[in-house]
Amino acid sequence: MRPTRILVFAKAPVTGRVKTRLIPALGAEGAATLAAEMLVRTIGEAIAAEAGLVELCGDPDPAGPEWAGRLPPGIASSAQGEGDLGARMARAARRTIERGERAVLIGTDCPDLDRMRLRHAIAFLDDHDAIIHPTRDGGYALLGLERFDPSLFADIAWSTPAVAEATMTRIRSLGWSLKVGETLCDIDEPADLL
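For the sequence shown, this note's numbering begins at 10 and goes up steadily by one.
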């Protein structure tokens, strides 16, 4: 069994630059505080899963001052780099898989994605090429990959209700085995706070 790397995609929790759709409900500072709490929780759950290496894929580069004091010791970090979300995720997934590891891509928006769900998702990669946990808004909270194909990330209408379905269709068209996990909730809009 190959090692697994949990790739946590996050923006630095800087006031006015994160969770902007929540600003009407929480204010800019409140939205940034929530983003910081969700970041800490997600990384903590990923570490506690004890199911793989954990790497923060940050925007901007985690070596910058926006991230100072925000990351626990012992996790790897990398810059997301340029391009849309698909290009950034594709880059991280490709380098992880080319390194001989399985890639599990997650964000910080889904409080339902705890250590047990991470462990179960990674276990499914023992006999599936991919696993996805869709979200109620049509996106996904987790995409786990045993192998890489750029079509999973190219020409996707990101931040729309079609993301998970388009990704699942592409995985199936490659002839890969796919585990579809339970649909989870993420927090993007004020109504999601409930």
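Glycine is no exception: its CB is placed at the ideal position from the N, C-alpha and C atoms. The structure presented is a predicted model; accordingly, all values stated were derived computationally and were not measured.
- Considering only Thr117, Ile141, Leu187, the residue with the shortest C-alpha distance to valine 49 is Thr117.
- Residue Ala77 holds the alpha-carbon nearest to the alpha-carbon of serine 86 among Leu94, Ala77, Asp93, Gly92.
- Within the region 25 to 79, the complete beta strand (DSSP E) runs of at least 3 residues fall at 62 to 68.
- Exclusion of the five residues before and after valine 63 leaves Arg14, Ile15, Val17, Ile52, Ala55, Ile56, Ile84, Ala85 as the residues of its chain whose Cβ lies within less than 8 Å of its Cβ.
- Around the beta carbon of alanine 171, a 10 Å sphere encloses fewer than 16 other beta carbons of the protein chains shown; the residue is thus reported as exposed.
- With distances taken between CA atoms, glycine 153 lies nearest to Thr176 out of Leu80, Thr176, Ala34.
- For glycine 153, the uninterrupted beta strand (DSSP E) segment begins and ends at 149 to 154.
- Considering only Ala130, Leu203, Leu35, Leu94, the residue with the shortest C-alpha distance to arginine 111 is Ala130.
- Beta-bridge partners of phenylalanine 18 (DSSP): Cys66.
- Annotation: the continuous alpha helix (DSSP H) that includes arginine 103 extends over 94 to 107.
- Distance from the CA of alanine 72 to the CA of lysine 20, rounded to the nearest whole angstrom, comes to 13 Å.
- Relative to valine 189, the option among Leu114, His142, Arg103, Pro120 whose CA is nearest is His142.
- Residue pairing by DSSP places proline 143 opposite Tyr149 in a beta bridge.
- A Cβ-Cβ distance of about 4 Å is found for the pair arginine 124 and alanine 58, placing them in contact under the 8 Å criterion.
- Between glutamate 38 and threonine 29 a beta carbon distance of about 13 Å is seen, past the 8 Å cut, so the two are scored as non-contacting.
- Here proline 22 is buried. Its C-beta has 16 or more other C-beta atoms within 10 Å.
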